[in-house]
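These notes concern the structure reproduced below.
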Amino acid sequence: GAVVSQHPSRVICKSGTSVKIECRSLDFQATTMFWYRQFPKQSLMLMATSNEGSKATYEQGVEKDKFLINHASLTLSTLTVTSAHPEDSSFYICSARRTLSNQPQHFGDGTRLSIL
Amino acid sequence: AQKITQTQPGMFVQEKEAVTLDCTYDTSDPSYGLFWYKQPSSGEMIFLIYQGSYDQQNATEGRYSLNFQKARKSANLVISASQLGDSAMYFCAMSPSGGYQKVTFGTGTKLQVIP
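Protein chains in written order, with this note's numbering: chain A, 194 to 309; chain B, 2 to 116.
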């Protein structure tokens, strides 16, 4: 069964709205989670690394104020797309990894965000 | 820095045949892990197989096997007895060993299984 739950799976909203996406590790504690963005027919682009109890680490070119990340507990990280615009429409997917480094990242099912 | 290269944007394979998806990598890390993920059209990322850089044997998971050639820096995925449900995007990925190291993904290969 799924070990990482991502919610919602699909969001359609008006331009200017803020959208929150949740990522939960279901049967393990994840002090670190990752947020990716994927454009159609392209690979996953890492946006940021979410760290429990501290600030997220953003990749170059990703706006911190636009994509707010909060890692409130050992099993939950949230990504908030603030004041979303049509260019923010994309597939967002989170992942979490168990403690041991030889374990794969487990991915949520992704969130398809459409901004009208 | 790490780099993953998948040179096959698309592949076709006949049902029940085997197929090899290519992956080469570049890294300066002495210890690393290599992964393959499958992404169906529905979007979820499904972990398939893992190979550690110091593992003596090539990894196998059911119909999936990883042809790891360290000297050539290649980690090709072999799918045996292809099924229609294998049609999907396949991503090769790698991560340094130790800690919560981020994963670098290749550009993916779209595999289509023909009946």
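We put the CB at the ideal spot given by N, CA and C, even for glycine.
Being a predicted model, the structure only gives us computed values, none of them experimental.
As assigned by DSSP and simplified to three states, the class of residue i
{"i": "ASP87(B)", "result": "helix"}
{"i": "LYS18(B)", "result": "The residue you asked about is not Lys; residue 18(B) is Glu in the sequence shown. If DSSP states are grouped into helix, strand and coil, GLU18(B) belongs with coil."}
{"i": "PRO297(A)", "result": "coil"}
{"i": "PRO97(B)", "result": "strand"}
Any non-hydrogen atom of the ligand COA within 8 Å of residue i CB
{"i": "GLY209(A)", "result": "As presented, the structure is devoid of all ligands, the ligand COA included, so that no description of it is given."}
Contact list for residue i against chain A, beta-carbon separation under 7 Å
{"i": "MET1(B)", "result": "The structure shown has nothing for residue 1(B), since chain B only spans 2 to 116."}
{"i": "MET46(B)", "result": "ILE286 and PHE300"}
{"i": "VAL104(B)", "result": "GLN298"}
{"i": "GLY63(B)", "result": "Result: empty, since nearest Cβ-Cβ is about 15 Å, beyond 7 Å."}
{"i": "THR108(B)", "result": "SER236"}
{"i": "PHE36(B)", "result": "PRO297"}
Contacts of residue i in chain A (Cβ-Cβ under 8 Å)
{"i": "PHE69(B)", "result": "Chain A residues near PHE69(B): none, gap ~14 Å exceeds 8 Å."}
Cβ separation of residue i and residue j, assumed to be a contact under 8 Å, to the nearest whole Å
{"i": "LEU112(B)", "j": "ASP87(B)", "result": "6 Å"}
{"i": "VAL204(A)", "j": "THR304(A)", "result": "6 Å"}
{"i": "SER243(A)", "j": "PHE227(A)", "result": "7 Å"}
Contact set between residue i and chain B, taken where Cβ atoms lie within less than 7 Å
{"i": "GLY303(A)", "result": "GLY44 and GLU45"}
Residue i: contacting residues in chain A (beta-carbon distance under 9 Å)
{"i": "PHE92(B)", "result": "SER236 and LEU237"}
Within chain B, partners of residue i - CB distance below 8 Å
{"i": "PHE227(A)", "result": "LYS103 and VAL104"}
Quiz item: Are at least three pairs of beta-carbons, each pair with one atom in the region 25 to 37 of chain B and one in the region 70 to 84 of chain B, less than 8 Å apart?
Solution: By the Cβ test, the region 25 to 37 of chain B is in contact with the region 70 to 84 of chain B, since at least three Cβ pairs between them sit closer than 8 Å.
Quiz item: What runs of the beta strand (DSSP E), each 3 residues or longer, lie entirely inside the region 23 to 69 of chain B?
Solution: If we require 3 residues or more, the beta strand (DSSP E) runs fully inside the region 23 to 69 of chain B come out as 25 to 27, 33 to 40 and 47 to 53.
Quiz item: Which ranges would you report for the beta strand (DSSP E) in the region 226 to 257 of chain A if only whole runs of at least 3 residues count?
Solution: 237 to 244, all fully within the region 226 to 257 of chain A.
Quiz prompt | Cβ pair count under 8 Å reaching 3, the region 208 to 223 of chain A against the region 12 to 24 of chain B | solution = Pairwise C-beta distances place the region 208 to 223 of chain A out of contact with the region 12 to 24 of chain B, as fewer than three of them are shorter than 8 Å.
Practice problem: Take every Cβ of the region 223 to 232 of chain A, pair it with every Cβ of the region 260 to 272 of chain A, and state whether three or more of those distances are shorter than 8 Å. | Solution: Yes: at least three Cβ pairs fall under 8 Å.
Quiz item: Taking contact to mean at least 3 C-beta pairs separated by less than 8 Å, is the region 22 to 33 of chain B in contact with the region 236 to 245 of chain A?
Solution: Counting Cβ pairs under 8 Å, fewer than three are found: no touch.
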